[in-house]
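Report on one structure; see the data block that follows.
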Amino acid sequence: MKLSICTDVMGDLSFTDMLDKCVDLGVEGIEMTGGGWSPAPHFRAEILLADKGELKKRLKEIEARGLQIAALNCSANPLDPGEMGKRHRKEMEDTIRLAGEIGIRKIVTMSGLPEAAPGDMVPNWLVYTKSWPAEMPERDRYQWEDRAFPLWHDLVKLADEVGVEKYALENFSAMLVWNPETLFRLRNEVGEKVGMNLDPSHLMWMGADPIASARALGDAIHHCHGKDTRIERGRADVDGLLETREVTDVKNRTWNYVAVGAGHDLQWWKEFFSVVGMFGYDDWVSLEMEDFTMSTEAGIRSSIDALQATIIR
312 MKLSICTDVM GDLSFTDMLD KCVDLGVEGI EMTGGGWSPA PHFRAEILLA
362 DKGELKKRLK EIEARGLQIA ALNCSANPLD PGEMGKRHRK EMEDTIRLAG
412 EIGIRKIVTM SGLPEAAPGD MVPNWLVYTK SWPAEMPERD RYQWEDRAFP
462 LWHDLVKLAD EVGVEKYALE NFSAMLVWNP ETLFRLRNEV GEKVGMNLDP
512 SHLMWMGADP IASARALGDA IHHCHGKDTR IERGRADVDG LLETREVTDV
562 KNRTWNYVAV GAGHDLQWWK EFFSVVGMFG YDDWVSLEME DFTMSTEAGI
612 RSSIDALQAT IIR
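Counting from 312, one number per residue, gives the positions in the sequence shown under our numbering.
Structure representation (structure tokens):
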């Protein structure tokens, strides 16, 4: 396994400064974020597809520093029923075409989340029972069969055309794919090109055991994020884990995304990576930094120290 970093956290830096920062941090790769919800300016697919000279220049800057592109990341909701969905789908497709052009074989993204019925204009995460009320089974069928399956058949076809080998779908909340069961529901329909970006931080607050999830996923693990969650003592006992407070309201939340090691100790992380490796994953681990309990710099450096001490080399 090799350590990379998601570039979103350095979105305020220029491209050159961002690369120099990666070298200073001691990571080997960069998960280049751009498109969808990402504000990072460093590797926007629509710009680089239109300006091959700029693309060549940026690739040379990466190579000159001994860095590698771990994956292209376009975290988005291409199934949103509004204008955002159309924009996100185009940006995902541009990212896939860019990856094919420069020989990157892996796209980190999300499954998307559609509306619950024709004519709705708001994505709807259906995580309560699908047997009651009586309309729920049809809403579930509509989201998957009428909306998600056609999109992902198209995206798999596009990947085949340009040479992309893997889609790594992050098990993020408010997405159709958010755990191993939902990943396999999509994968069984559209094929093994679709796998999971196993991000343990989301499974932690959902109440799952990411180590058990890794065992269940096996070779469906296509990518791995290094990110931790801390269940906040006292708060979660009172209000549960369905947290809707702002992520910056860290003192009052029932759980928080934290630097690696600030939620689960290094022994846990060693076991996690050992199991992930045991089931055949021998690729990039990308730090995704979203800790608001400390400074960004402190969170990045402490997370890198923890990951360097626990990933399987």
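Where a beta carbon is used, it is the ideal one built from N, C-alpha and C, also for glycine.
Query	Result
A351: first and last residue of the uninterrupted beta strand (DSSP E) it sits in	It is not in any beta strand (DSSP E) - A351 carries neither H nor E in the DSSP assignment.
Three-state secondary structure assigned by DSSP to K397	helix
From P352, T607 and I407, residue whose alpha carbon lies closest to that of T420	I407
A361 beta carbon less than 9 Å from that of L383	no
Between the CA atoms of P429 and E554 - distance to the nearest angstrom	29 Å
Under 9 Å between C-beta atoms of K477 and D510	no
From M605, R450 and M321, residue whose alpha carbon lies closest to that of K562	M605
Distance, T493 Cα to R398 Cα	25 Å
CA nearest to the CA of M486, picked from V473, G502, E472 and W455	W455
Residue of D391, A570 and M507 minimising C-alpha distance to I615	A570
E543 in three-state terms, based on DSSP	coil
Nearest-angstrom Cβ-Cβ length linking I647 and Y592, presumed shorter than 8 Å	In the structure as shown, the chain begins at 312 and stops at 624. Residue 647 is therefore absent and cannot be evaluated.
Every unbroken alpha helix (DSSP H) within the stretch 505-545, with a cutoff of 4 residues, ordered by chain	511-517 and 521-528
Inter-residue Cα distance where the pair is D576 and A609	17 Å
Beta-carbon spacing of G347, C317 below 9 Å	no
E394 to A387 span [Cα, whole Å]	13 Å
Residue interval of the alpha helix (DSSP H) (run including A623)	One point to set straight first is that residue 623 is Ile, not Ala, in the sequence displayed. Unbroken run through I623: none, as it is neither H nor E.
Proximity below 9 Å, CB of V334 to CB of I611	no
Sub-9 Å separation of R458 and E426 beta-carbons	yes
Residues bridged to E481 (per DSSP)	N508
Cβ pair A620, F583 closer than 9 Å	no
Same chain only: Cβ atoms within 8 Å of G588, ignoring 5 sequence neighbours per side	M312 and I623
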